[in-house]
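Trainee: Sharing a structure below in structure tokens format, with a few things to ask.
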Amino acid sequence: MKGTGKMIPLMLRMLVKKPDTILYPAQKAHVEEHFRGALKFDQALCIGCKLCMRVCPSAAIEIERVSETEKVFQAYVRMDRCIFCGQCVDTCPKKALENTENFELASTDKESLRKAI
Ligand code: SF4
Ligand code: SF4
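Position 51 (the sequence shown) corresponds to 51 in this note's numbering; numbering is contiguous.
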């Protein structure tokens, strides 16, 4: 049969070769450098300028003032809208936002996808 001569050595190699896939989630997936995962917010650095909200193409990030007396802000992200473009991170003048390596964000509860970060 045509091609059998090449096929058999290939099959034998495949039998002893390590798989290219990993047993995720039992085995932790490798994340590349500069990966843009879930956002992290540093409340101590935020000045409430809301530039992150203005540049967000998905209207996914919200900044709310949480204190009447002090300038303290909380960031919320709608994970069902965020496209992980990193615009908010790049624009923040105080470096209060950063991307993490966390990509495990799936949920069956839509309400829970608006998260305080
Ligand atoms: S851009 Fe940065 S400093 Fe300004 S509101 Fe957003 S997180 Fe806070
Ligand atoms: S990463 Fe992009 S889509 Fe997500 S909140 Fe920031 S600007 Fe919006």
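Even glycine gets a Cβ: it sits at the ideal position worked out from N, Cα and C.
Predicted, not measured: the structure shown is a model, and the values here were computed from it.
Got a sec? Which residues, its chain only, sit under 7 Å from Cys49 by beta carbon, not counting five neighbours each side?
Mentor: For this step, residue 49 is matched to residue 49 along the sequence shown. Around Cys49: Pro93.
Trainee: DSSP three-state call for Leu51: helix, strand or coil?
Mentor: Translated into the one-based positions of the sequence shown, residue 51 becomes position 51. The three-state secondary structure of Leu51, taken from DSSP, is helix.
Trainee: For the stretch 53-67 and the stretch 3-19, state whether three or more C-beta atom pairs, one from each stretch, are separated by less than 8 Å.
Mentor: no
Trainee: Is the separation between the beta-carbon of Ala38 and that of Thr91 shorter than 7 Å?
Mentor: If you number the sequence shown from 1, residue 38 lands on position 38. If you number the sequence shown from 1, residue 91 lands on position 91. No, the Cβ-Cβ distance between Ala38 and Thr91 is not below 7 Å.
Trainee: Is Lys115 helix, strand or coil by DSSP?
Mentor: As a working note, residue 115 is residue 115 in the sequence shown. Strand.
Trainee: Terminal residues of the continuous alpha helix (DSSP H) containing Leu39?
Mentor: Taking the sequence shown and counting its residues from 1, one reaches residue 39 at position 39. Note, Leu39: premise wrong, no alpha helix (DSSP H); beta strand (DSSP E) at 39-41.
Trainee: Using a Cβ-Cβ cut-off of 8 Å (strictly less than) and excluding sequence neighbours within five positions of Ile117, which residues of its own chain qualify?
Mentor: The residue you call residue 117 lines up with position 117 of the sequence shown. For Ile117, where only same-chain residues beyond five positions count, the Cβ hits under 8 Å are Ala38, Leu39, Lys40, Phe41, Ala75, Tyr76, Val77.
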